[in-house]
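Undergrad:
Protein chains: 2
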Amino acid sequence: MAGDLSRLSINQMTVRQLSLPELTTACVRWGVPGVGLWRAPVQEYGVAAAARLVRDAGLRVTTLCRGGFLTAVDPGERAAALADNRAAVDECAALGTGTLVLVSGGLPAGERDLGAARERIADALAELAPYAGEHGVRLAIEPLHPMFASDRCVVSTLDQALALAERFPAEQVGVVVDTYHIWWDDRAPDAVARAGRQGRIHSFQLADWVTPLPAGVLNGRGLIGDGAVDLRRWRERVDAAGYTGPIEVELFNDELWRRDGVELLADVARRYVRHAL
Amino acid sequence: MAGDLSRLSINQMTVRQLSLPELTTACVRWGVPGVGLWRAPVQEYGVAAAARLVRDAGLRVTTLCRGGFLTAVDPGERAAALADNRAAVDECAALGTGTLVLVSGGLPAGERDLGAARERIADALAELAPYAGEHGVRLAIEPLHPMFASDRCVVSTLDQALALAERFPAEQVGVVVDTYHIWWDDRAPDAVARAGRQGRIHSFQLADWVTPLPAGVLNGRGLIGDGAVDLRRWRERVDAAGYTGPIEVELFNDELWRRDGVELLADVARRYVRHAL
């Protein structure tokens, strides 16, 4: 395939119609060197087996999705979330990836205080960050689009994510820069630069913004090049911030999931070259 | 009805199942002193007739929705938008309301530069603001939730709206503070205070945030008290900023539109007292 794919990583969710072996085979076929994995399909396949499969294919695991959901008020729920995040760190180490993506969690039922919820995330990170550091894993706080603030992630901007991350060493806690979530934010370019200076860009993800959004808004991320986001401009900003790592394409999209996964992966790679490089 | 409704205004869209005469009758019945009107149903009824109807009922028109859509690149489209906004200013004057709500417009097809689109809005405001001022009408820039940034309004935060408004006299251009659009933004409370100091809060609107969002995300605004927004806290913030004007409830919600409009209006008034006062 024409174009430099050396930084490209395909997030497993983008082509979730492919099994893990199908995914690794397709990556090798098209010359995509990185994969971002999700815990559920990896656990189903077996963590050790998945690690071996990916390693034998010569692929790099760029991220594991996802830890997080750290906003619980209930002590039992909080303890369970912390234990689950420690398990996710262990899985990262087993898979040979240094980055655990955190979706921080929404407002618990009946709660309306976003600031208090963010402080509970900080409290949880204080327990998790050293554990992650001991295992060579960096926690990457992903700001999610504000439309997810109530039910999925109270961290809505890169500034908010950095304000949390900055309380901890950069080798323990950083951020995810995902164009889908931050493209609308005129403050995000400065935040990208700051994150880069601090060495806290732990993952860079591409998705495009297309409308109309589907019901529930989760599975409407646009194929790169189809939407409103100037992907190349964002890639240049992230590069200018000093980031030299993988560029991961993560799309949740019901329509794309109905396509042939192997061909979709090739399409993503072509579009990555055309619209982001 | 128990509680102080003296600042309450019902936006016509909240109970769009009611005709204009039904709306005014219901407002008088429940003691709701203000209405926010929309151009299309007012034009259909006749602007002069609508003005007389509302005046004879003793109601105050708190806002007219909406002008805006000022992001066109094409000169012909731009001229048409400016003419339409001047007509909207004229309608405001005829209805006796001093506030025209602006939904600024999204990205034209193929455009990806949000900053350039915002500058085109500023250019258009430079033409419209004096005209509005001459007619005793204030243009109120409404930041819309970032999920509308591509297709409806490139002004996504109160800070962005203020950055545009601040280029003009406060009696010509200000902002709308609508809880639905800004509740997630940790910078919005400071922006509310700044807008208040400048005398630029030209409208304050309440809606709650509920999930899951419906397809297209337009008609999923929550009945006040049903969602994640601390409405009383926002009302207190806006009051603390020096705002003493009407508090308008504007909901777009397919489920609510299936209810009896007169009863819905009473429900809104009760919930306004319980959750916002």
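These protein sequences, in sequence, are chains A and B.
By the count of UniProt numbering, the first sequence reaches residue 277 at its end, each step adding exactly one.
By the count of UniProt numbering, the second sequence reaches residue 277 at its end, each step adding exactly one.
Every residue, glycine too, gets a C-beta built ideally from N, C-alpha and C.
Name the chain B residues that come within less than 8 Å of GLY115 (chain A), Cβ to Cβ?
TA: Taking the first residue of the first sequence as 1, we reach residue 115 (chain A) at position 115. Neighbours of GLY115 (chain A) on chain B, chain order: ASP186.
Undergrad: Tell me which residues share the same chain as ARG78 (chain A) and place their Cβ nearer than 6 Å to its Cβ, disregarding the 5 neighbours each side in the sequence.
TA: Here residue 78 (chain A) refers to the residue found at position 78 when the first sequence is read from its first residue. Cβ within range, chain order: ALA72.
Undergrad: Enumerate, from N- to C-terminal direction, the unbroken alpha helix (DSSP H) stretches of 4 or more residues contained entirely within the region 125-209 of chain A.
TA: 158-165, 179-182, 188-197
Undergrad: Which residue or residues does DSSP assign as beta-bridge partners of GLY67 (chain A)?
TA: As a position in the first sequence, residue 67 (chain A) is number 67, starting the count at 1. Note: GLY67 (chain A) sits in a beta bridge opposite A:LEU102.
Undergrad: Would you call the CB atoms of THR24 (chain B) and VAL47 (chain B) closer than 8 Å?
TA: As a position in the second sequence, residue 24 (chain B) is number 24, starting the count at 1. As a position in the second sequence, residue 47 (chain B) is number 47, starting the count at 1. Against a cut-off of 8 Å, the Cβ pair of VAL47 (chain B) and THR24 (chain B) comes out as no contact.
Undergrad: Taking all protein chains shown into account, decide if GLN12 (chain B) is buried (16 or more other Cβ within 10 angstroms of its Cβ) or exposed.
TA: Within the second sequence, the letter at position 12 stands for residue 12 (chain B). When all chains shown are included, GLN12 (chain B) counts as buried.
Undergrad: Measuring CB to CB, does LEU102 (chain B) end up less than 8 Å from ALA140 (chain B)?
TA: Numbered from 1 along the second sequence, position 102 holds the residue referred to as residue 102 (chain B). Numbered from 1 along the second sequence, position 140 holds the residue referred to as residue 140 (chain B). Against a cut-off of 8 Å, the Cβ pair of ALA140 (chain B) and LEU102 (chain B) comes out as a contact.
Undergrad: Grab me the residues of ARG39 (chain B)'s own chain with a C-beta within less than 8 Å of its C-beta, minus the 5 sequence neighbours each way, in chain order.
TA: Here residue 39 (chain B) is taken as the residue at index 39 of the second sequence, counted from 1. Closer than 8 Å at the Cβ level, and outside the excluded window around ARG39 (chain B), lie LEU64, CYS65, ARG66, ALA88, GLU91.
Undergrad: Smallest Cα separation from THR244 (chain B): which of B:VAL268, B:GLU255, B:VAL217, B:SER203?
TA: Taking the second sequence and counting its residues from 1, the one referred to as residue 244 (chain B) is at position 244. For the residues B:VAL268, B:GLU255, B:VAL217, B:SER203, the minimum Cα distance to THR244 (chain B) belongs to B:SER203.
Undergrad: Give me, in chain order, the residues of the same chain whose beta-carbon lies closer than 8 Å to that of ASP151 (chain A); leave out the 5 immediate sequence neighbours on both sides.
TA: The residue labelled residue 151 (chain A) in the question sits at position 151 within the first sequence. Around ASP151 (chain A): GLY106, LEU107.
Undergrad: Does DSSP put ILE121 (chain A) in a helix, in a strand, or in coil?
TA: Taking the first residue of the first sequence as position 1, residue 121 (chain A) is located at position 121. Of the three classes helix, strand and coil, the one that applies to ILE121 (chain A) here is helix, per DSSP.
Undergrad: Please report the distance separating the alpha-carbon of ALA50 (chain A) from that of PRO21 (chain A).
TA: Along the first sequence, one-based indexing puts residue 50 (chain A) at 50. Along the first sequence, one-based indexing puts residue 21 (chain A) at 21. Spanning the two alpha carbons is a distance of roughly 9 Å.
Undergrad: So what's ARG78 (chain B) in DSSP terms, helix, strand or just coil?
TA: If you number the second sequence from 1, residue 78 (chain B) lands on position 78. Helix.
Undergrad: Starting from VAL15 (chain B) and walking both ways along the alpha helix (DSSP H), at which residues does that stretch end?
TA: Here residue 15 (chain B) refers to the residue found at position 15 of the second sequence. No alpha helix (DSSP H) holds VAL15 (chain B); DSSP gives it neither H nor E.
Undergrad: Skipping 5 residues on each side, what residues in its chain have a beta carbon closer than 6 Å to that of ASP226 (chain B)?
TA: As a first step, residue 226 (chain B) must be located in the second sequence, where it is residue number 226. Within the same chain, ASP226 (chain B) has close Cβ partners ASP208, VAL210.
Undergrad: Rounding to the nearest angstrom, what Cα-Cα distance links ALA93 (chain A) and TRP234 (chain A) in this structure?
TA: In the first sequence, counting from the first residue as 1, residue 93 (chain A) sits at position 93. In the first sequence, counting from the first residue as 1, residue 234 (chain A) sits at position 234. Taking the straight line from one Cα to the other gives about 30 Å.
Undergrad: Going by beta carbon distance, what residues of the same chain come within less than 8 Å of ARG86 (chain A), once the five residues before and after it are set aside?
TA: Taking the first sequence and counting its residues from 1, one reaches residue 86 (chain A) at position 86. Cβ contact annotation for ARG86 (chain A) (same chain, cutoff 8 Å, sequence separation greater than five): LEU128, TYR131, in chain order.
Undergrad: Which residues in the same chain have their Cβ closer than 7 Å to the Cβ of LEU264 (chain B), if we skip the five residues on either side of it in sequence?
TA: Looking up residue 264 (chain B) in the second sequence gives position 264. Here the set comprises VAL15, LEU256.
Undergrad: Tell me TRP257 (chain B)'s beta-bridge partners as DSSP assigns them.
TA: Working through the second sequence from its first residue, we reach residue 257 (chain B) at position 257. The partner list for TRP257 (chain B) (beta bridge, DSSP) is empty, contrary to what the question assumes.
Undergrad: Which residue wins for smallest C-alpha separation from VAL173 (chain A), given the options A:VAL137, A:MET147, A:VAL268?
TA: On the first sequence, residue 173 (chain A) is found 173 positions in, with the first residue counted as 1. Of the candidates A:VAL137, A:MET147, A:VAL268, the one whose C-alpha sits nearest the C-alpha of VAL173 (chain A) is A:VAL137.
Undergrad: When you compare each of B:GLY261, B:LEU162, B:ARG120, B:VAL249 to PRO189 (chain B) by their alpha carbons, which one comes out closest?
TA: Within the second sequence, residue 189 (chain B) is the residue found at index 189, counting from 1. When each option's Cα is compared against that of PRO189 (chain B), the closest is B:LEU162.
Undergrad: Per DSSP, what are the beta-bridge partners of ILE224 (chain B) in this structure?
TA: Within the second sequence, residue 224 (chain B) is the residue found at index 224, counting from 1. Answer by DSSP bridge pairing: none, since ILE224 (chain B) is not bridged.
Undergrad: Using a Cβ-Cβ cutoff of 7 Å, what residues of the region 145-166 of chain B are near chain A? List them in chain order.
TA: HIS145, PRO146, MET147, ALA149, SER150, ASP151, SER156, GLN160
Undergrad: In whole angstroms, give me the CA-to-CA distance for GLN43 (chain B) and LEU5 (chain B).
TA: Reading the second sequence from its first residue, position 43 is the one you call residue 43 (chain B). Reading the second sequence from its first residue, position 5 is the one you call residue 5 (chain B). Their backbone Cα atoms lie some 28 Å apart in a straight line.
Undergrad: Examine chain B for any beta-carbon lying closer than 8 Å to the beta-carbon of ASP123 (chain A), and answer yes or no.
TA: To locate residue 123 (chain A), count along the first sequence from 1; it is residue 123. It does not; no Cβ of chain B falls within 8 Å.
Undergrad: Looking at the secondary structure, which residues open and close the beta strand (DSSP E) in which LEU37 (chain A) lies?
TA: In the first sequence, counting from the first residue as 1, residue 37 (chain A) sits at position 37. Run containing LEU37 (chain A): 34-38, per the beta strand (DSSP E) assignment.
Undergrad: If you count every other CB in all the chains shown that lies within 10 Å of the CB of MET1 (chain A), and 16 or more means buried, which is it?
TA: For the purposes of this step, residue 1 (chain A) is taken as the residue at position 1 of the first sequence. It counts as exposed.
Undergrad: I'd like the span of the beta strand (DSSP E) that includes VAL249 (chain A), first residue to last.
TA: For the purposes of this step, residue 249 (chain A) is identified with residue 249 of the first sequence, where counting begins at 1. Per DSSP, VAL249 (chain A) belongs to the beta strand (DSSP E) from 247-249.
Undergrad: Would you say ILE121 (chain A) and LEU158 (chain A) are within 8 Å of each other, going by their C-beta atoms?
TA: Position 121 of the first sequence, counting from 1, holds the residue named residue 121 (chain A). Position 158 of the first sequence, counting from 1, holds the residue named residue 158 (chain A). Judged by beta-carbon spacing, LEU158 (chain A) lies beyond the 8 Å limit of ILE121 (chain A), meaning their Cβ atoms are not closer than that value.
Undergrad: At 7 Å on the CB atoms, spell out the chain A contacts of ALA228 (chain B), in chain order.
TA: By 1-based counting over the second sequence, the position of residue 228 (chain B) is 228. Correct list: LEU107, ARG112, SER150.
Undergrad: Return the residues of the region 229-256 of chain B that lie within a Cβ-Cβ distance of less than 7 Å from chain A, sorted by chain order.
TA: VAL229, ASP230
Undergrad: Would you check if the distance between the CB atom of ARG112 (chain A) and the CB atom of ASP230 (chain B) is smaller than 8 Å?
TA: Within the first sequence, the letter at position 112 stands for residue 112 (chain A). Within the second sequence, the letter at position 230 stands for residue 230 (chain B). In this structure, ASP230 (chain B) lies closer than 8 Å to ARG112 (chain A) by Cβ.
Undergrad: Measuring only the C-alpha atoms, how far is ALA241 (chain B) from GLY216 (chain B)?
TA: For the purposes of this step, residue 241 (chain B) is taken as the residue at position 241 of the second sequence. For the purposes of this step, residue 216 (chain B) is taken as the residue at position 216 of the second sequence. Straight through space, the alpha carbons of GLY216 (chain B) and ALA241 (chain B) are spaced by roughly 34 Å.
Undergrad: Taking the DSSP output, what are the residues bridged to SER9 (chain A)?
TA: One-based indexing of the first sequence puts residue 9 (chain A) at position 9. A:GLY34, A:GLU248.
Undergrad: Using only alpha-carbon positions, find the residue among A:LEU144, A:GLU142, A:ALA117 that is nearest to ALA228 (chain B).
TA: By one-based count along the second sequence, residue 228 (chain B) stands at place 228. When only C-alpha atoms are compared, the closest one is A:ALA117.
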